[in-house]
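Participant: Take the sequence shown: its position 54, counting from 1, is numbered 76 in our numbering, and each next residue is one higher.
Before I ask anything, here is the structure I am working with.
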Amino acid sequence: MKSFKVNVNPEILKWSIETMNIPEDEIIKTLNINKTLLNNWLKNREKLTYVQLQKFSRLAGMSPLIFLSDKVPEEKPGKIFRNYNDNNKKSYKTLKTIKRIEFLQNIAG
Numbered sequence: 023m024k025s026f027k028v029n030v031n032p033e034i035l036k037w038s039i040e041t042m043n044i045p046e047d048e049i050i051k052t053l054n055i056n057k058t059l060l061n062n063w064l065k066n067r068e069k070l071t072y073v074q075l076q077k078f079s080r081l082a083g084m085s086p087l088i089f090l091s092d093k094v095p096e097e098k099p100g101k102i103f104r105n106y107n108d109n110n111k112k113s114y115k116t117l118k119t120i121k122r123i124e125f126l127q128n129i130a131g
């Protein structure tokens with residue numbers, strides 16, 4: 023099945039990568055692409071297919087609809103979590119776990 027190309031806002035792609043601290047090699051491996059293609063997406067030189075958008079949105083833990091928006095979503099202030107170092111940037115795995123826990127809390131009521 024051939025997938026169609028989607029107009030994705032490159033600023034939202036960059037924002038999601040930075041917000042979720044997604045390693046570049048994780049994106050390349052999960053989407054089965056090369057670094058050149060990723061850079062072309064981020065510079066709006068090429069479009070993602072819908073299937074690639076779905077895979078990327080799962081990787082980022084976000085709805086595919088976010089990437090179709092005209093502007094970057096406003097970030098809510100994050101909850102304060104204890105850190106063992108001064109760096110407030112969480113790892114990709116930690117952020118994915120936090121998003122999963124928040125989702126489960128929301129559906130539990």
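Just so you know, even glycine gets a beta-carbon here, dropped at the ideal spot from N, CA and C.
#1: Give, in chain order, every unbroken run of the beta strand (DSSP E) that is at least 3 residues long and sits entirely within the region 24 to 85.
#2: Assign S113 to buried or exposed, taking buried as 16 or more other Cβ atoms, counted over all protein chains shown, within 10 Å of its Cβ.
#3: Out of curiosity, what's the CA-to-CA distance linking N61 and A82?
#4: Quick one: what's got a C-beta closer than 8 Å to W63's C-beta in the same chain, skipping five residues either side?
#5: So, L53 versus F78, is the Cβ gap smaller than 8 Å?
#6: Buried or exposed: which applies to Q127, given that a residue is buried once 16 or more other Cβ atoms fall within 10 Å of its Cβ?
#7: Does E96 come out as helix, strand or coil in the three-state DSSP assignment?
#8: What residues in its chain sit with their C-beta under 7 Å from that of K118, if we drop five residues either side in the sequence?
Facilitator: In short:
#1: The beta strand (DSSP E) runs of length 3 or more contained entirely in the region 24 to 85 do not exist; there are none.
#2: exposed
#3: 17 Å
#4: V30, P32, L35, K69 and L70
#5: yes
#6: exposed
#7: coil
#8: G83
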